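In the numbering used here, the protein residues as written are 268 to 679. Take a look at the structure below.
Quick look at the structure:
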């Protein structure tokens, strides 16, 4: 009896142990598989692993198109998160300057932290974003001392008088040398009432001071770019002036200094006192995307003179009326659309997209342009002419492209 009971107990224990042993074997197989994956990485030379870290960080940045993505000093952001894997990875991450070549500076960060970060970046180019109004003077002085290393920079300030003054003092502390600067984005927090805006803040840029500038974003009123000599920026590819209207004359002067520009977004205002009608036709051979927002002032006011542009590479053209305090397009019932006949006729661009919003476009203008736009695949005219007949335009868009008329009427 005793032996039978022992055998029964042993049998029951085997039934309990059997699934546990099975589970143990499966877990052991997973552990071995993971160890096999880790083994090649552990065998990599530190230099190769450093390259892997750098390229992985850049690939992560490219997922966020349209905005400059910078690491922040947090344990779950690169490069600090790499130091949490193992001691070897931490040593490699800490000694790889490219992982520390940019930082999004948090509010009220102490200068000691920034100094440690920049020291790990070595002597190479350095990118950063900063809210100037939330930093102490020591942090700003530290950034100013490394000005020649600046590559991609976002400067953010608030609209208060104190914030404006602090930003002015910071710019005045800088020299005129931005040897490595490629991207400059100046952004001001939109105001919510309060006192009138202070006087202009001037920033001197030129081909001699910023020879490698590729992207210029001015999203801050009262920021005026000055050039010591009227020499062009040979590398400037992208211009965006969107928060406050720029006088049409200044807009054309900026384009004149940007012969290689490819993308332009501009909020333009016609100001009679500053309008300069002396500009001849300006040729921009590389411009592919032009988006103009016109500040609407009154019925019949003069528009940004697009007919003074020759854009043989233009692929996308967008025009709209807008209000300074309302970024959404507004509609002017009697507002005349931009004069695009001469632009299309003179440039013969490979235009694929045409968008006109906030004003009425005569059907005759569109019908005259279509024969010169064989690549046009998107046309968005928000408001049609009140008494125009658009049947002819529809036929042109849906039928075969007719031969172009060399004597296009209405051109300057």
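Each residue gets a CB set at the ideal place from its N, CA and C atoms; glycine is no exception. Quick caveat: nothing in here was measured; it's all calculated off a predicted structure.
Is the Cβ-Cβ distance between residue i and residue j less than 8 Å?
{"i": "residue 533", "j": "residue 559", "result": "yes"}
{"i": "residue 614", "j": "residue 572", "result": "no"}
{"i": "residue 586", "j": "residue 547", "result": "no"}
{"i": "residue 419", "j": "residue 439", "result": "no"}
{"i": "residue 424", "j": "residue 387", "result": "no"}
{"i": "residue 485", "j": "residue 522", "result": "no"}
{"i": "residue 427", "j": "residue 385", "result": "no"}
Pull up the CB-CB distance for residue i and residue j, whole angstroms please, since I reckon it's below 8 Å.
{"i": "residue 396", "j": "residue 337", "result": "6 Å"}
{"i": "residue 503", "j": "residue 480", "result": "6 Å"}
{"i": "residue 610", "j": "residue 574", "result": "6 Å"}
{"i": "residue 393", "j": "residue 374", "result": "Incorrect: roughly 20 Å between the Cβ atoms, too far for contact."}
{"i": "residue 416", "j": "residue 452", "result": "17 Å between Cβ atoms; not a contact."}
{"i": "residue 368", "j": "residue 391", "result": "6 Å"}
Over the uninterrupted beta strand (DSSP E) stretch that includes residue i, give me the two end residues.
{"i": "residue 510", "result": "505 to 514"}
{"i": "residue 533", "result": "530 to 536"}
{"i": "residue 560", "result": "556 to 562"}
{"i": "residue 395", "result": "393 to 398"}
{"i": "residue 502", "result": "Per DSSP, residue 502 belongs to no beta strand (DSSP E) and is neither H nor E."}
{"i": "residue 486", "result": "482 to 486"}
Rounded to a whole number of angstroms, what is the C-alpha to C-alpha distance between residue i and residue j?
{"i": "residue 292", "j": "residue 351", "result": "29 Å"}
{"i": "residue 273", "j": "residue 282", "result": "14 Å"}
{"i": "residue 665", "j": "residue 556", "result": "25 Å"}
{"i": "residue 657", "j": "residue 630", "result": "6 Å"}
{"i": "residue 408", "j": "residue 507", "result": "28 Å"}
{"i": "residue 509", "j": "residue 487", "result": "8 Å"}
{"i": "residue 623", "j": "residue 637", "result": "14 Å"}
{"i": "residue 382", "j": "residue 361", "result": "14 Å"}
{"i": "residue 607", "j": "residue 359", "result": "57 Å"}
{"i": "residue 329", "j": "residue 286", "result": "With a pLDDT of 40 at residue 329, under the threshold of 50, the modelled position of that residue is not reliable, and no figure is offered here."}
{"i": "residue 431", "j": "residue 513", "result": "19 Å"}
{"i": "residue 518", "j": "residue 536", "result": "9 Å"}
{"i": "residue 457", "j": "residue 302", "result": "54 Å"}
{"i": "residue 501", "j": "residue 576", "result": "19 Å"}
{"i": "residue 277", "j": "residue 314", "result": "57 Å"}
{"i": "residue 680", "j": "residue 445", "result": "Outside the modelled stretch of the chain, which goes from 268 to 679, sits residue 680, for which no answer is possible."}
{"i": "residue 248", "j": "residue 433", "result": "In the structure displayed, the chain extends from 268 to 679; residue 248 sits before or after that span and is not available."}
{"i": "residue 483", "j": "residue 554", "result": "15 Å"}
{"i": "residue 298", "j": "residue 317", "result": "26 Å"}
Might you give, ordered along the chain, the residues of its own chain that have their beta carbon closer than 8 Å to the beta carbon of residue i, omitting 5 neighbours on each side?
{"i": "residue 319", "result": "311"}
{"i": "residue 618", "result": "581, 582, 583, 584, 611, 640, 642, 643"}
{"i": "residue 357", "result": "349, 350, 351"}
{"i": "residue 402", "result": "372, 374, 375, 376"}
{"i": "residue 645", "result": "619, 620, 621, 622"}
{"i": "residue 279", "result": "none"}
Identify, in the order they occur along the chain, each residue of the same chain with its Cβ nearer than 6 Å to the Cβ of residue i, setting aside the five sequence neighbours on each side.
{"i": "residue 378", "result": "405, 406, 409"}
{"i": "residue 530", "result": "505, 556"}
Only counting the same chain, and skipping five residues up and downstream in sequence, which positions put a Cβ closer than 7 Å to that of residue i?
{"i": "residue 341", "result": "347"}
{"i": "residue 365", "result": "321"}
Grab the span of the alpha helix (DSSP H) containing residue i for me, first residue to last.
{"i": "residue 311", "result": "From DSSP, residue 311 is part of no alpha helix (DSSP H); its letter is neither H nor E."}
{"i": "residue 606", "result": "Run containing residue 606: none; DSSP gives neither H nor E here."}
{"i": "residue 661", "result": "658 to 665"}
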